[in-house]
Structure formats: structure tokens, C-alpha cells
Amino acid sequence: MLQLKLGIESIAPHLTAALNQVLTNGRTPEDWKTVKISLLPKTTKPKKVKDYRPVALSSIVSKLFTKILTRRITAKSEDYLEESQAGFRRGRGCADNIQVVAQMWEKCTEFKIPLVAVFLDFTCAFDNVNWTKISQVLNNLQIGRNVIRALNNSNSSA
1 MLQLKLGIES IAPHLTAALN QVLTNGRTPE DWKTVKISLL PKTTKPKKVK DYRPVALSSI
61 VSKLFTKILT RRITAKSEDY LEESQAGFRR GRGCADNIQV VAQMWEKCTE FKIPLVAVFL
121 DFTCAFDNVN WTKISQVLNN LQIGRNVIRA LNNSNSSA
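The letter at position 36 of the sequence shown is residue 36 when you use UniProt numbering, and the numbering goes up by one with no holes.
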């Protein structure tokens, strides 16, 4: 463990400089955008494609950079999110909102109040994200231009 700690201390300044350079110039290295997909068998003797689980392996430095961007964006955006939003928030989950809906359903049934519920599931939602709009929202949240540019660039060829 001591060797690992010493290694981190010697690498940290170089890693910090590289990450800051990417943040400053907004250009994400191409190898950070590349993932290697491996198929792991789900069963002992896989015969069909569905018998495999795809696992994407990406650059550790890329993951670290993504974590840094995520923390910066989360810190700025948390105050603007609706209290009822549970998905993609630390300490919350969609199960929290399911419980709220179940309680509403129960009370409406108890007091004979009509209730209409609509549930939407967007197919390929991430593939249809309007990145221009995301950039505008992040700019309105006063997320630094360097962060927005790095985020846009990291998604440009993904």
C-alpha cells in the first residue's frame, strides 16, 4: 500500500497538469473517448449472444476527468433542481418517487378522488439529447465555459 501511495504522490502533479490542460484548451484526447468492449459469459457454456454481458472498459484518466466535471456541475446545479427530482441525485432514487406515487394512489382511492397517472420511458433517450440546450442550461447555471467546452468535446465523437 505504501508503494501505491508513493506512486500517487509522484504522478499527481503530472496528472493535474494534464487534466488542467484539457480543461483549459477544451480538447479531450481521442484515447479518452475510446472504450474497449469485452463480452463476459453469463453462463458456463454460452451459445447465444444473450448469454454474454457486454462490459465497457475506458481510460482511468478519462473516468477521473469525468468525475471532476460531474462534481463541478453537481455542486452548481443542486440548488436549482426540484425537490421532487430523485433520479440521478446522490442519496435519492426513482424508488423514492414510486413510493410517493403509491401513497398518492392510496389516498386518492381512500377518499374516492380520481387520479390519472402517466409514465413515460424514452427509448434511446441519451442518443436524443440536445447538447446545444444542455450547454445553454449549464451556461445559465454559471458553469465555467471550460467545463462546458470539455463536456461537449468529450461527447463529440462518442
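No residue lacks a Cβ here, since even glycine has one placed at the ideal position from N, Cα and C.
Identified DSSP bridge partners for Pro54: Residue mapping note: residue 54 aligns to position 54 of the sequence shown, counting from 1. Beta-bridge pairing links Pro54 to Leu39.
Which of helix, strand or coil DSSP assigns to Lys45: The sequence position of residue 45 within the sequence shown is 45, counting from 1. In the structure shown, Lys45 sits in coil (DSSP, three-state: anything other than H, G, I, E or B).
Segment contact flag, the stretch 8-25 with the stretch 34-42, C-beta cutoff 8 Å, min 3 pairs: no
Supposed contact pair Arg27 and Val147 - C-beta distance, whole angstroms, cut 8 Å: For the purposes of this step, residue 147 is taken as the residue at position 147 of the sequence shown. For the purposes of this step, residue 27 is taken as the residue at position 27 of the sequence shown. Not a contact, Cβ separation roughly 14 Å.
The stretch 44-55 / the stretch 11-31 touching (three or more Cβ pairs under 8 Å): no
Cβ separation of Leu69 and Ala150, assumed to be a contact under 8 Å, to the nearest whole Å: For the purposes of this step, residue 69 is identified with residue 69 of the sequence shown, where counting begins at 1. For the purposes of this step, residue 150 is identified with residue 150 of the sequence shown, where counting begins at 1. At roughly 6 Å, the Cβ-Cβ gap stays under 8 Å, so Leu69 and Ala150 are in contact.
From Ser135, Val100, Val116, residue whose alpha carbon lies closest to that of Ser154: By 1-based counting over the sequence shown, the position of residue 154 is 154. Out of Ser135, Val100, Val116, Ser135 has the C-alpha closest to the C-alpha of Ser154.
Beta-carbon contacts of Glu106 that lie in its chain and below 6 Å, excluding the five residues immediately before and after: As a position in the sequence shown, residue 106 is number 106, starting the count at 1. Taken in chain order, the list of residues that qualify is empty.
Cβ-based burial, Ile143 [other Cβ within 10 Å; buried from 16]: Residue mapping note: residue 143 aligns to position 143 of the sequence shown, counting from 1. Buried, by the Cβ-count rule.
Within-8 Å CB hit, Asn139 to chain D: Considering every chain present, this structure includes no chain D. It has just one protein chain.
Ser62 beta carbon less than 8 Å from that of Trp32: Position 32 of the sequence shown, counted from the start, is the residue given in the question as residue 32. Position 62 of the sequence shown, counted from the start, is the residue given in the question as residue 62. Cβ distance < 8 Å, so Trp32 and Ser62 count as in contact.
Distance CB(Ala117)-CB(Val101) smaller than 8 Å: Here residue 117 is taken as the residue at index 117 of the sequence shown, counted from 1. Here residue 101 is taken as the residue at index 101 of the sequence shown, counted from 1. Yes.
Gly87, DSSP secondary structure in three states: Position 87 of the sequence shown, counted from the first residue, corresponds to residue 87. The answer is coil: DSSP assigns Gly87 none of H, G, I, E or B.
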